[in-house]
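Plus 1 on top of the position in the sequence shown (first one is 1) and you've got this note's numbering.
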Amino acid sequence: MSPASGRPKRGEPLSEGTRAWARRLRLGLLGLTAAAALSGCYVAPLAPPGPPVAVVVRPAPHGCWHPGWWGPWGWHPGHWGLCR
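Next up, the structure:
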């Protein structure tokens, strides 16, 4: 080990602590690289392709529009339902 810098000389074996630190650094970089690569490739489908499955029609004669609201799992769209 070089006394001036505290670093091992080239070709000199690394200490156990330095090897563990380098292993954690490599694992962290691998995780970041994998996350960045996957985030660019995956696109979550917002809706199935094609026309909507159901046609929304106002139920007569006791139908009321229930507006959308923010719930614990995000936005809930409005819908027709029974009046209360």
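Beta carbons are placed, not taken as given, at the ideal position from N, Cα and C, and that holds for glycine.
Quantities reported herein were computed from a predicted structural model and do not represent experimental measurements.
- What whole-angstrom Cβ distance do W70 and H77 have, given they're in contact under 8 Å? Along the sequence shown, read from residue 1 onward, the residue named residue 70 stands at position 69. Along the sequence shown, read from residue 1 onward, the residue named residue 77 stands at position 76. Indeed they touch by this definition, with Cβ atoms about 6 Å apart.
- Query: Along the chain, where does the beta strand (DSSP E) that runs through L15 open and close?
  - Reply: Within the sequence shown, numbered from 1, the residue matching residue 15 stands at position 14. Careful: L15 lies outside any beta strand (DSSP E) and carries neither H nor E.
- Query: Alpha carbon to alpha carbon, how far is L30 from E13?
  - Reply: What you label residue 30 is simply residue 29 of the sequence shown in a count that begins at 1. What you label residue 13 is simply residue 12 of the sequence shown in a count that begins at 1. Approximately 25 Å between the Cα atoms of the pair.
- Identify the continuous beta strand (DSSP E) that holds C65 and give its terminal residues. Within the sequence shown, the letter at position 64 stands for residue 65. Note, C65: beta strand (DSSP E), 64-67.
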